[in-house]
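Asker: Counted the way mature numbering (1 follows the signal peptide of the UniProt record, and there is no 0) counts, the sequence shown spans residues -18 to -1, 1 to 287.
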Amino acid sequence: MKNIFKYSLILFSLVFFASCEDEDTQRIPTDDLGTGPNVRIVLDQDFLFINLDDLSSAKSVFEIFSENPNDIAQVDISVSYTSQDGTVTTGSVVLETVTGAEIAAAGGNLTGLEITATEIVNGLAELTSLNDIGGGDLFTFTNTTTMVDGRVYPEATIGGNSNVTPNIVNSAGTTSFTSNWQLYVGCASPVEDIVGEYTSEIVDTNYGGFLGDRNEDVTITFKGPEPFRYEISDISSLAYVPFGGTAYPADIYDICGAPVMFPTNTFGGTTQVGPGSWDQENGVLTLPLFEAFNGLGWTVVLTKK
């Protein structure tokens, strides 16, 4: 992304079957079945996003743990990219391969693995430089494990389902297989400084009837899954209420201290039309907005209580 402004029936059956299983009866002979994969991937907590402020040093750092590395031929980690606005989506390219022997030699816990943003750009044909990466973009890292007997995980079964259940790396302590993890592009966001109760006021507009309109009860809440995505309960200062409107929410990114609001709807499609400002320390957020259907523009200032 070059512009910062673009932007259980089966499960029940399995649980039921497991709950009804007679532990003293071995219904399915398993002596001839190969050992399944045990590959857990744990992320370094200091690298939970791709740092937009320092892309040249940005990276994902992780370790691979396995209780049966001698049954593993290799683990391939591939990466794909999706721009924040969805206009660019790449295929996956393998950027890291480790063998079961390497994991075994490390005592079943291979640490210090990393994939850098530069390696990703060099590996994906759709990206030409680090400048192609922007706030809110998403990198998906996928684990494909091949066993020494040739079995591959994940792989589609005859019924079209995956032969493993995807799990998020933050559950790695109780996960036997980590299928993938995702990192967004951005900066550390001071959640506690941002979330809370606000008042809002329209301080500038091309329609005089909006000027000075206020909402005394606006909330900003953390939304995720991106570590810098929030929801504002109202970006209109209730200006449309006299015309039958209501409060209108919107999602917003904190991109390294700069506000980037997602397009939303008030009485028409409403977008952010300038950089705005965000004094997070003092709790003041300023957003210049434009509603296309009526051609109305306004600047709203939200102040934390």
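Glycine included, C-beta positions come from ideal geometry on N, C-alpha and C.
Would Phe272 and Thr252 be called neighbours here (beta carbons separated by less than 8 Å)?
Answerer: The answer is yes: Cβ separation under 8 Å.
Asker: Taking C-beta to C-beta, are Ile59 and Glu78 nearer than 8 Å?
Answerer: Contact: yes.
Asker: Where does the unbroken alpha helix (DSSP H) through Glu101 begin, and where does it stop?
Answerer: First-last of the alpha helix (DSSP H) with Glu101: 99 to 105.
Asker: Would you kindly check if the distance between the Cβ of Leu269 and the Cβ of Thr281 is under 8 Å?
Answerer: Taking 8 Å as the Cβ cut-off, Thr281 and Leu269 qualify as a contacting pair.
Asker: I'd like the list of long-range same chain contacts for Leu109, defined as Cβ closer than 6 Å, with 5 residues on each side in sequence excluded.
Answerer: Cβ within range, chain order: Val103.
Asker: Note the first and the last residue of the continuous beta strand (DSSP E) segment covering Asp261.
Answerer: Note, Asp261: beta strand (DSSP E), 259 to 261.
Asker: Would you please verify whether the beta carbon of Leu267 is less than 8 Å from any beta carbon of chain D?
Answerer: Among the protein chains of the structure shown there is no chain D, as only one such chain exists.
Asker: Excluding the 5 residues flanking Ile46 on each side, which residues of the same chain have their C-beta closer than 7 Å to its C-beta?
Answerer: Hits under 7 Å: Val21, Ile23, Val57, Val80, Ile85, Leu92, Leu95.
Asker: Using only CA atoms, which one of Gly265, Asp216, Ser219 lies nearest to Gly239?
Answerer: Nearest option by C-alpha distance: Gly265.
Asker: Along the chain, where does the beta strand (DSSP E) containing Asp233 start, and where does it finish?
Answerer: That run of the beta strand (DSSP E) goes 232 to 237.
Asker: When DSSP builds the beta bridges, which residues end up paired with residue 298?
Answerer: Beyond the ends of the chain as shown, which are -18 and 287, falls residue 298; an answer cannot be given.
Asker: Am I right that Leu165 and Ser74 are in contact with their C-beta atoms under 8 Å? What's the rounded C-beta distance?
Answerer: Between Ser74 and Leu165 the Cβ distance is about 14 Å, and since that is not below 8 Å, they are no contact.
Asker: In three-state terms, what does DSSP make of Ile85?
Answerer: Helix, per DSSP.
Asker: Identify whether Pro51 lies in helix, strand or coil by the three-state DSSP scheme.
Answerer: Note: Pro51 maps to helix in three-state DSSP.
Asker: Which value, in whole angstroms, describes the spacing of the CA atoms of Thr100 and Ser39?
Answerer: Looking at the two C-alpha atoms, the distance is approximately 8 Å.
Asker: Could you give the DSSP three-state label for Ile176: helix, strand or coil?
Answerer: Of the three classes helix, strand and coil, the one that applies to Ile176 here is helix, per DSSP.
Asker: Who are Gly279's beta bridge partners in DSSP?
Answerer: In the DSSP output, where bridge partners are listed per residue, Gly279 has Phe272.
Asker: For the beta strand (DSSP E) that contains Thr252, what are its first and last residues?
Answerer: Unbroken beta strand (DSSP E) run through Thr252: 251 to 254.
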